[in-house]
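What follows is a set of notes on a single structure, which appears directly below.
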Amino acid sequence: MLIRTLLAIAMLSFACTQASRLLQQDVVASDPTLIDRSQPDWYVSMELQQQQQQQQQTELVELASLGAAAPSSTVIGDGTAAETRVASLVRAAAAKQGRKKPRANRRPPPKPSPRAEASPASAPSPKPSPAPSPALSPSPSPRRSPAPSPSPSPSPRSCLATPSDVLGPFYQSQGVPLNTKPDESFCALKTGGRNATKITITGHVLQYFTCTPVSESSSLAFIDVWQADNAGEYDDNSNLANADCRTRVPIAADGSYKYTTIIPAAYGSRNCLRPPHIHLRLALPGYTLLVTQMYFAGSALNGPGDCGCGGCGSGNPLQQVLLDPVTGAGVFDILLKRQR
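In this note's numbering, the protein residues as written are 4 to 343.
Quick look at the structure:
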């Protein structure tokens, strides 16, 4: 019995050491600074590698929790439970070691563009009914009784759901403060930045199709907002003590919201930039999670010019805000889909 217990502990130690070493290698491989930003879709590569890193960290935590429970299993029966548990840990570590790591500069498959499905122009227009000929129909034909229909809704274009977009590699889920001063910029200017334009964004969070405001009073009634600063840099989202250029904007009872910030700078390499944009994330109860990006109308980097993320929606008018050139004010309504 003692020999079995010692053997199980030794195998467990080996498995944890292997998993820790492999995770450290993967963290180095997914370092965003190692991404070649001159390659197309480098932005998507950064996001994919960060997701891999987060998944590996989760697996390591699970592995450690199994290891903590293993010694209690070694004292029961003839040690079979402990050996089975440790063997599974060793197999998991070996599988990680044999897994082929993705190349940092490998271009991921492009995401389908949301423009075709979001554009109202793609919807078939109803065929006009032919007008009756005066020669054949001298008297007006009797009217058909209209079928019962719901109350009229606003124009289809204004009620299209806000398209989703790439989350990006810089999202931070914790340590983000609530925006209690909507007239003050939540993103500070950085010395040496390329612009210092202050803007105010207002709008409503509405229900898709009906264009009626959402009515949420829960603690989740806010918009996660984050962006690069005026030098094109994000803060370190792995440090929860910092929340530079990040905020959570409250949604009022009538669905309205407001925040003040600065126009973020474009970033990337000299010949492969991402256009200025602001990230938005909404997770309201009863509605589908929305992760999107808001772009600025008129930017030359929108659409085909978005080299860093060819599958992003920078060319979609539904994701663009038009700023007043004098006041810097813009209106951006967000339309959510109900969960089925």
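All residues carry an ideal CB built from backbone N, CA and C; glycine is no exception.
These numbers were taken from a predicted model, which means no experiment stands behind them.
| Query | Result |
| --- | --- |
| Asp-232 classed as buried or exposed, judged by whether at least 16 other C-beta atoms fall within 10 angstroms | buried |
| Contacts around Val-208, its chain only, beta-carbon distance under 6 Å, and the 5 residues preceding and following it disregarded | Val-217, Ile-254, Gly-258 and Ile-337 |
| Strand pairing of Thr-203, partner residues [DSSP] | Thr-263 and Ala-332 |
| CA nearest to the CA of Arg-284, picked from Val-334, Pro-328 and Tyr-174 | Tyr-174 |
| Closest by C-alpha distance to Pro-166, when choosing among Gly-318, Gln-52, Leu-326 and Ala-269 | Gly-318 |
| Cβ separation of Tyr-270 and Gly-313, assumed to be a contact under 8 Å, to the nearest whole Å | Actually they are not in contact, since the Cβ atoms of Tyr-270 and Gly-313 sit about 16 Å apart, beyond 8 Å. |
| Closest residue to Leu-192 among Lys-261, Gln-322 and Ile-265 (Cα-Cα distance) | Ile-265 |
| Status (buried if at least 16 other CB within 10 Å, exposed otherwise) for Pro-267 | buried |
| Through-space distance from Leu-170 to Pro-43, alpha-carbon basis | 17 Å |
| 9 Å Cβ cutoff met for Cys-214 and Cys-162 | yes |
| Assigned exposure category for Ser-272 - 16 Cβ within 10 Å defines buried | exposed |
| Element boundaries [beta strand (DSSP E), containing Pro-178] | As written in the sequence, residue 178 is Gly, which differs from the Pro given in the question. It is not in any beta strand (DSSP E) - Gly-178 carries neither H nor E in the DSSP assignment. |
| Pair within 9 Å by beta-carbon distance, Lys-340 and Thr-291 | yes |
| Beta-carbon proximity of Arg-197 to Val-228, cut-off 9 Å | no |
| Collapsed DSSP secondary structure at Ile-12 in the structure displayed | helix |
| Sub-9 Å separation of Ala-332 and Thr-205 beta-carbons | yes |
| Beta strand (DSSP E) segment containing Gln-230, residue limits | 225 to 230 |
| Buried versus exposed, by CB contacts within 10 Å (16 or more), Asn-245 | exposed |
| Cα-Cα separation, Glu-187 to Ile-12 | 57 Å |
| Proximity winner among Asp-168, Gln-59, Ala-300 and Leu-63, relative to Tyr-46 (alpha-carbon distances) | Asp-168 |
| Environment of Asp-309 [buried if 16+ CB atoms lie within 10 Å] | buried |
| Pro-155 versus Met-297 - alpha carbon distance | Unreliable placement is indicated for Pro-155, whose pLDDT of 38 sits below 50; no coordinate value is reported for it. |
| Assigned secondary structure, Gly-308 (DSSP; H/G/I helix, E/B strand, else coil) | helix |
| Chain-order list of residues whose beta-carbon lies under 8 Å from that of Gln-322 (same chain, five-residue window excluded) | Thr-165, Pro-166, Asp-168, Thr-295, Gln-296, Met-297, Tyr-298 and Gly-316 |
| Asp-327 to Thr-263 span [Cα, whole Å] | 14 Å |
| Burial state of Gly-311 (16 or more Cβ within 10 Å) | buried |
| Exposure of Pro-288, with buried meaning 16 or more beta-carbon neighbours within 10 Å | exposed |
| Alpha-carbon spacing of Leu-293 relative to Asn-274, whole angstroms | 31 Å |
| Identity of the residues DSSP links to Ser-222 by a beta bridge | Beta-bridge pairing links Ser-222 to no other residue. |
| Own chain, CB closer than 8 Å to Arg-109, minus 5 neighbours either side, in chain order | The predicted position of Arg-109 is uncertain, since its pLDDT is 43 and thus under 50; no value can be drawn from it. |
| Environment of Leu-304 [buried if 16+ CB atoms lie within 10 Å] | buried |
| Burial state of Val-179, where buried means 16 or more other Cβ atoms lie within 10 Å | buried |
| Proximity of Thr-203 and Thr-330 at Cβ, strictly below 9 Å | yes |
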